[in-house]
Each structure stands twice: as C-alpha cells, then as structure tokens.
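Visitor: Just passing along the structure, written as structure tokens.
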Amino acid sequence: MSASDAIENLAHDSRSFEPNPEFAKTAVATSELYDQASNDRMAFWKAQAEKLHWHKPFTEALDWTYAPFARWFADGKLNVAYNCLDRHVEAGIGSRVALYFEGEPGDEQVYTYSTLLAAVKKAANALTALGVRQGDRVAIYLPMIPEAVISMLAVARIGAIHSVIFGGFSADSIASRIQDAHAKLVITSDGGYRKGKASPLKPAVDEALRGNNCPTVEHVLVVERTGGDVDWSEGRDIWWKDAMHAAHEEHVAEAFDAENPLFILYTSGTTGKPKGILHTSGGYLTQATYTHRNVFDLKPETDIYWCTADIGWITGHSYVTYGPLANGATQVIYEGTPDSPHPGRWWEIIQKYGVTQLYTAPTAIRSFMKLGRAIPDAFDLRSLRLLGSVGESINPEAWMWYREVIGGNRCPIVDTWWQTETGAIMISPLPGVTHTKPGSAQVALPGINAQVVDDEGNPVGNDHGGYLTVAEPWPSMLRGIWGDDERYVDTYWSRFDGQYFAGDGAKRDEDGDIWLLGRVDDVMNVSGHRLSTTEIESALVSHHWVAEAAVVGAKDELTGQAVVAFVILRQDEIADAPNEADLAKVLRDHVAKQIGPIAKPRQILVVSELPKTRSGKIMRRLLRDVAEDRPIGDVTTLADSGVMGAIGNKIAGGATD
Ligand code: WTA
C-alpha cells in the first residue's frame with residue numbers, strides 16, 4: 002500500500018471532536034469571519050490588511066490585470082519591520098517579551114519589543130553602511146538564534162530582500178542560491194549548537210564563495226555563537242558584533258510599496274534546479290498576521306507561543322518571524338535538537354516557559370510517540386491550550402497521541418495545510434468553531450477558495466478525490482519564481498485554466514472536509530521537507546561511478562517518506578569501487594555534500610537495469626513497489642518486462658545499505 006493509499010483508507014476515520022467550550026467566546030467572532038469573507042471577499046481582505054500600519058493607505062485590494070501575476074494593496078505603502086516592532090513600542094507595549102531564546106547548551110536571552118527594535122535598528126544601519134540598498138539580496142545562513150530574526154527584520158526594514166538558506170544545506174546548495182539571486186551580502190555565524198556539540202557553519206559559506214565562485218558577494222557578516230576557530234578573509238569578512246558596535250542607534254523606517262519584494266525562499270520542484278519563490282510585503286504580511294491570530298487563537302497579552310520550525314523554512318518565516326511579531330506575540334525560539342541533552346528537552350521547555358501554543362511537524366510527533374509517553378508525562382504540560390501541525394498529513398494515530406498525551410485531551414489541534422508558495426496557512430480547522438477530525442486539514446480559511454478538482458479542473462463532489470487547487474488569488478500568494486516567469490506560469494497556472502495547481506492530491510469526505518493525500522508530482526516529503534527526485538538523481542549521476550539513477554520516495558514510519566535510490570554503475574569506472582555497502586556510503590555522503598544531509602538516501606540499491614517504458618520514461622511506480630516491499634504492480638507497459646524480476650531478486654539477496 003502506498004502512503005497515499007494508507008491515508009485514503011484512513012480518510013474514512015469517523016472520529017470527530019467537538020470544539021472546546023473554552024474557545025466559545027473567540028468562536029463567535031471567528032465564525033463571523035466565514036460570513037464576512039463569503040459576503041464580500043475583497044472587503045474582507047481589506048479589513049484584514051487594515052489591521053496593519055500603512056504609512057500610505059491603499060485604495061484597492063487586488064489588481065489581477067496581469068494574471069497570474071498578482072498585486073495586492075498595490076497603491077499602499079508600509080514598512081514590514083515597523084509593523085513587527087515600532088508600532089508595538091509606540092503603542093506602549095515595548096516592555097512585553099518578544100523572544101525567549103533558549104540555546105541548546107541551556108543559555109538564555111530575552112528580547113522585549115523595545116530591545117529587539119533597538120537591535121534591528123542598529124542592524125539596519127550596519128547593513129546600510131555595508132552598501133545594502135532597497136532591492137539588494139542578502140543571504141542568511143544562521144542557526145536558530147536571535148540574530149536570525151534580527152537579520153531578517155533588518156533586511157526588511159531597509160527594503161532589501163532576504164534569502165534564508167537552511168543551515169543543513171551544503172556549500173554547493175549555498176553557492177547555487179547565492180548565484181541565482183546575485184546576493185550582495187551573506188550573514189552567517191561561526192557555528193551553532195546541535196546534538197550536544199558546537200557545529201561549524203562558516204566553513205560551508207567559505208567553500209561556497211571560494212575563488213570567484215560567487216562574484217556578487219561583497220561581504221560576509223559573521224555572528225559569534227560558538228567561539229570556534231574560523232578562517233578569515235580580510236576585507237570580506239566582518240564580525241557582526243563589530244558592525245553592530247559601530248552602527249548608529251537611530252533608524253527611521255522608510256515606507257515601501259506593498260509589492261516591494263520581501264524575500265526569496267528556495268524550494269524543490271520537479272526539476273533539478275530549486276525554485277526561488279518570491280514573496281512581497283503587504284499581502285504577505287496581511288495573511289501571515291491574520292492566520293497566526295485566528296488559527297492559533299492568539300491572546301498576545303497572555304500567551305507564550307512556540308513554533309519549532311527553523312527560519313530556513315517557510316514556517317519559520319511566517320510563524321516565527323513575521324506573523325507572531327506583527328501580532329505582538331511573546332514566543333520561544335530554541336536553537337537545538339529535541340533530544341539534547343535528554344529526550345524530554347521540548348517538554349522541559351514547555352514547562353519552563355509556560356508555553357500555551359505548540360506548532361510542530363508530524364515527523365517530530367511520531368518520533369516522540371516511538372519513545373513513549375513516560376517522557377512527556379514527567380513534565381507539567383498544563384499550560385498548553387492549542388496544538389498545531391504542519392508539513393505533511395498527520396496520520397490519525399499520531400494526531401490522537403498528540404491530543405491525548407501532549408494536549409491532555411483539552412487542546413484543539415489545528416492541522417494546517419499550506420506551502421512555501423502560498424506564504425501562509427490556507428486550509429485548517431479554526432479552534433472553537435470546527436469539529437476536528439484526526440488526519441484531515443478540513444476546511445479552507447475564510448477568504449480562501451480551495452478546491453478539489455478532476456483532470457478537467459471541475460470540482461469533484463463530496464466523497465471524491467482529485468487535485469488540490471486554489472481558485473482565486475490570495476494576498477500571500479507567491480508573486481513568481483525569481484528570474485523565471487515562464488516556469489512560474491508553467492508550474493502553477495498551466496495545468497488548470499485560471500486555477501493555482503498545488504501539486505497535492507486531495508479528497509473530500511462525505512461532509513466536504515479536505516484530506517490531503519500527498520504529492521502528485523516528483524516531489525518527496527521527508528520529515529516535512531520537500532525534496533526533488535530529479536535533484537537527487539542529478540547529484541548521484543554527478544559521481545563518476547554512476548551511469549544512471551532513479552530515486553523514489555518510499556513510505557517510512559518515522560519520516561513519512563524516505564529517499565530510496567536505484568543506481569546503475571559505470572562498468573568502466575568501478576574498478577576502484579569498494580564493496581556494495583561501502584559504495585552506498587560513499588554515494589550517500591556524495592548526495593549530502595551536493596545538496597545537504599537532509600537529502601541523503603536511506604537506501605541505495607545497485608541494479609543492472611531500470612524499469613522503463615518504451616518511450617524511455619522510468620516507471621517510478623514499480624520502483625516504489627520494490628522500495629516499499631510489496632508485490633510489483635502492472636508491468637505490461639515496460640519495454641523489457643524481465644527487468645523487475647532481476648531487481649526483485651537483487652533485493653531478496655539483501656543488497657541494502
Ligand atoms: C505538504 C510547508 C498535508 C504538501 C508549510 C505541500 C501538507 C507541501 C500539510 C509544502 C498538511 C504541508 N497536510 N500535507 N497539513 N502541510 N503539506 O513548501 O504536500 O515546505 O504541498 O511548506 O507539504 O511544503 P513546504
């Protein structure tokens with residue numbers, strides 16, 4: 002059974018949980034949002050946008066003249082960082098805590114809205130002093146430390162564009178992202194703490210910039226986090242603390258157009274080249290703020306919110322940096338891994354800070370489930386009042402465990418579907434309003450028109466499956482792919498006329514609730530992270546031993562899907578190749594070096610042929626059958642029907658890593 006079949010079966014799960022009465026008060030106001038949005042969608046979004054501070058008010062919500070290139074609130078002007086900081090300080094809540102930082106070694110830092118604003122002003126001046134101007138790109142390669150948030154806001158404050166690169170990516174991945182965006186500055190650190198030890202970061206940036214590999218980069222700002230030794234390039238490298246020390250304290254936030262680009266975030270697509278997803282300012286901030294406030298039932302005066310995502314992913318952008326800060330929330334950020342120095346570290350953090358909302362990924366929940374409830378049970382988790390899930394479908398068993406063991410049967414769970422491209426949450430229950438169902442993301446948020454359609458793009462009825470689309474533009478939608486308008490149109494707007502194609506399969510149950518069934522393209526979802534089969538295949542064939550490679554996402558109990566690679570070796574090159582186990586290790590490390598450790602195949606299988614159709618297309622479906630250890634499906638369209646037998650025998654012989 003494939004992962005999506007499994008989900009499809011579970012989609013018949015009939016459990017349902019009533020809204021918690023504690024949320025009843027909020028619920029009245031929240032359920033009105035549905036009416037407001039369906040009465041007048043544009044007036045609804047205008048009202049949401051008006052909750053921000055506009056230096057110059059907008060008059061029109063959506064300009065769709067150049068569809069599918071949207072412009073939202075386009076004649077308005079605002080400053081994103083001002084909305085996240087200054088306006089709260091001016092409103093008299095400067096002493097409210099914005100960030101509780103917990104380092105992995107146990108060190109702490111607290112930033113109030115006033116002190117965070119002061120740091121961002123200085124950082125903005127430091128960037129300006131280094132020649133960064135409106136529209137310039139700044140790459141950020143940092144661990145989850147306060148400087149990560151400060152850097153993003155400082156870039157936004159001066160109207161420049163950040164491109165955050167997840168700390169788990171390799172030098173090659175950093176270089177290709179810097180080159181694609183022509184970044185002028187890189188912000189990194191000597192390292193960060195992970196799994197109980199200091200792990201260096203700057204060497205990957207040094208390697209990415211070596212020689213004249215990234216000629217657009219003028220400077221590298223280096224945050225001191227671990228105190229570890231670093232190589233230093235005189236004239237290019239500058240310590241963050243020196244730049245901050247020299248910077249002026251005052252900085253007045255300038256107003257930028259609502260459509261001024263805010264960030265680029267690279268994500269895997271179906272080809273080998275990652276896509277630079279482009280987001281702009283006013284619409285993005287409107288929806289990040291609106292969803293954060295309503296989906297998490299935020300009470301900024303009393304809540305302590307914690308989203309465990311890294312800023313290297315879209316969840317860290319929208320639900321660590323922009324949504325929470327624009328809402329004046331108090332939040333926890335944590336640098337390290339969940340099991341350092343002990344497997345109860347997350348629960349200890351919740352107890353220590355009195356966390357009220359926890360937003361995390363199903364893969365984390367499954368790994369805690371595996372360790373057993375004794376670990377969370379040893380901590381006081383009664384401060385929690387709402388739980389969130391994101392990144393992949395949460396299987397009903399994990400949902401139930403999350404509800405019972407972590408949420409004490411009292412916290413509503415919001416299973417939030419969205420994407421790097423959508424910028425903010427699109428489909429989710431609303432606490433206090435929706436009867437929740439384990440495993441389903443359920444309903445489009447007010448203001449969002451999500452559909453499940455058939456091959457022709459017509460909405461399917463209840464109890465039917467199809468493709469997930471969004472039928473009308475939304476404020477935080479991507480504005481394009483950096484430098485590649487054609488790919489933007491092709492990828493998202495060509496499959497169905499006038500509808501955004503999300504790339505996910507979905508099904509409506511008998512109540513019309515939406516269940517997500519996984520990707521329908523060559524994108525895998527490993528631990529909630531998107532990986533492209535093609536990108537990993539290219540990495541494999543870039544090794545001189547490999548003639549051909551086919552990669553599939555196989556079902557995995559812990560990570561949702563896992564990368565399984567089938568490779569054909571080059572007979573002329575493998576004289577120096579070691580035995581199969583060592584060979585697999587070398588190739589796995591090669592993928593880690595090319596893309597990053599997250600892309601490492603779980604298994605590499607050496608085969609003599611790959612199953613192909615007569616037109617030469619690799620039949621990944623059959624390889625998935627092998628990788629998931631089930632009977633091989635229909636082979637009648639294969640050019641050589643004997644191939645699968647040979648592959649099957651090979652596996653039976655135990656040729657796994
Ligand atoms: C998947 C992460 C089911 C989906 C915010 C989507 C989900 C991809 C869910 C986007 C969910 C995300 N239920 N599937 N609640 N949330 N996905 O860009 O396949 O890293 O297309 O954004 O993750 O991943 P991305």
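Quick note, my numbering runs 1 ahead of the 1-based positions in the sequence shown. For each residue, glycine too, the CB sits at the ideal point set by N, CA and C. All of these numbers come straight from a predicted model, not from anything done at the bench.
In angstroms, rounded to a whole number, what distance separates the CA positions of Ile350 and Pro460?
Guide: Between Ile350 and Pro460, the C-alpha separation is close to 45 Å.
Visitor: Considering Cα atoms alone, identify which of Tyr112, Gly617 and Val542 is closest to Leu588.
Guide: Nearest C-alpha to Leu588: Val542.
Visitor: Name the one or two DSSP bridge partners that Asp258 has.
Guide: Paired residue(s): Lys78.
Visitor: Within 8 Å, do at least three Cβ pairs link the region 312–321 to the region 34–48?
Guide: These segments do not touch.
Visitor: Out of curiosity, what's the CA-to-CA distance linking Ala155 and Gly448?
Guide: If you take the alpha carbons of Ala155 and Gly448, they lie about 31 Å apart.
Visitor: I need the straight-line Cα distance from Thr535 to Lys618, nearest angstrom please.
Guide: Going from the Cα of Thr535 to the Cα of Lys618 covers about 13 Å.
Visitor: Can you check which of these residues, His54, Ser39, Gln49 and Leu639, is closest to Tyr291 by C-alpha distance?
Guide: For the residues His54, Ser39, Gln49 and Leu639, the minimum Cα distance to Tyr291 belongs to Gln49.
Visitor: At a cut of 8 Å, does the region 321–339 reach the region 97–106 through at least three beta carbon pairs?
Guide: Result yes; three or more Cβ-Cβ pairs closer than 8 Å.
Visitor: Relative to the alpha-carbon of Asp522, which residue among Gly504, Lys508 and Glu538 has its alpha-carbon at the smallest distance?
Guide: Out of Gly504, Lys508 and Glu538, Gly504 has the C-alpha closest to the C-alpha of Asp522.
Visitor: Cβ of Trp419 versus every heavy atom of the ligand ADP: is any distance shorter than 8 Å?
Guide: Absence of the ligand ADP from the depicted structure is noted, with the ligand WTA being the only ligands included.
Visitor: Within 10 Å of its beta-carbon, does Leu584 have 16 or more other beta-carbons around it, so buried, or fewer, so exposed?
Guide: Buried.
Visitor: Considering just the uninterrupted stretch of the beta strand (DSSP E) at Asp238, what are its terminal residues?
Guide: Unbroken beta strand (DSSP E) run through Asp238: Asp238 to Trp240.
Visitor: Return the chain-ordered list of same chain residues with a C-beta closer than 6 Å to the C-beta of Arg134, the five sequence neighbours on each side being excluded.
Guide: If we look at Arg134 and ignore the five residues flanking it on each side, it has no Cβ neighbours.
Visitor: Give the secondary structure of Cys412 by DSSP, where H, G and I count as helix, E and B as strand, and everything else as coil.
Guide: Here Cys412 sits in coil by DSSP.
Visitor: Using 8 Å as the threshold, is the region 359–372 in touch with the region 402–417, meaning 3 or more CB pairs across them?
Guide: They touch, by the three-pair rule.
Visitor: What is the DSSP secondary structure of Ala71, counted as helix, strand or coil?
Guide: Coil.
Visitor: In whole angstroms, what is the alpha-carbon distance linking Pro632 and Asp626?
Guide: When rounded, the distance between both Cα atoms is 7 Å.
Visitor: Just the C-alpha distance for Phe380 and Ser609, rounded to the nearest angstrom, thanks.
Guide: So the alpha carbons of these two residues sit roughly 53 Å apart.
Visitor: Straight-line CA distance for Arg386 to Gly392?
Guide: Arg386 and Gly392: Cα-Cα distance of roughly 21 Å.
Visitor: Going by beta carbon distance, what residues of the same chain come within less than 6 Å of Thr657, once the five residues before and after it are set aside?
Guide: Reliability fails at Thr657, whose pLDDT of 41 lies under 50, so the model's placement of it is uncertain and the value that follows must be treated cautiously. Gln604, listed in sequence order.
Visitor: Taking the continuous beta strand (DSSP E) assigned at Glu549, which residues delimit it?
Guide: Run containing Glu549: Val547 to Asp557, per the beta strand (DSSP E) assignment.
Visitor: Only counting runs of 3 or more residues, tell me where the beta strand (DSSP E) segments fall wholly within the region 463–551, in order along the chain.
Guide: For the region 463–551, whole beta strand (DSSP E) runs of length 3 or above, ordered along the chain, are 466–471, 501–509, 515–520, 524–527 and 530–533.
Visitor: For Tyr577, which three-state DSSP category applies?
Guide: The sequence shown places Asp at residue 577, not Tyr. Reduced to three states, the DSSP call for Asp577 is helix.
Visitor: Is Asp512 buried or exposed, if buried means 16 or more other CB atoms sit within 10 Å of its CB?
Guide: Exposed, because fewer than 16 other Cβ atoms sit within 10 Å of the Cβ of Asp512.
Visitor: Given that a residue counts as buried once 16 or more other Cβ atoms are within 10 Å of its Cβ, and exposed if not, what is His89?
Guide: Per the 10 Å Cβ criterion, buried.
Visitor: I'd like to know whether the C-beta atoms of Val223 and Thr189 end up nearer to each other than 9 Å.
Guide: Going by C-beta atoms, Val223 is nearer than 9 Å to Thr189.
Visitor: By the DSSP assignment, the beta strand (DSSP E) with Glu349 in it spans what residues?
Guide: Not the beta strand (DSSP E): Glu349 falls in the alpha helix (DSSP H), residues Arg346 to Tyr354.
Visitor: What are the uninterrupted segments assigned as alpha helix (DSSP H) that are 4 or more residues long and contained completely in the region 88–150, given in chain order?
Guide: If we require 4 residues or more, the alpha helix (DSSP H) runs fully inside the region 88–150 come out as 88–91 and 114–130.
Visitor: Could you tell me whether the region 249–269 touches the region 210–223, using the rule of 3 or more Cβ pairs below 8 Å?
Guide: No, the region 249–269 is not in contact with the region 210–223.
Visitor: Please classify Leu372 as buried or exposed, where buried requires at least 16 other C-beta atoms within 10 Å of its C-beta.
Guide: Exposed, because fewer than 16 other Cβ atoms sit within 10 Å of the Cβ of Leu372.
Visitor: Give me, in chain order, the residues of the same chain whose beta-carbon lies closer than 6 Å to that of Ser341; leave out the 5 immediate sequence neighbours on both sides.
Guide: Result list for Ser341: Glu105, Lys196 and Gly197, in chain order.
Visitor: Is the beta carbon of Val139 less than 9 Å from the beta carbon of Ile175?
Guide: Going by C-beta atoms, Val139 is not nearer than 9 Å to Ile175.
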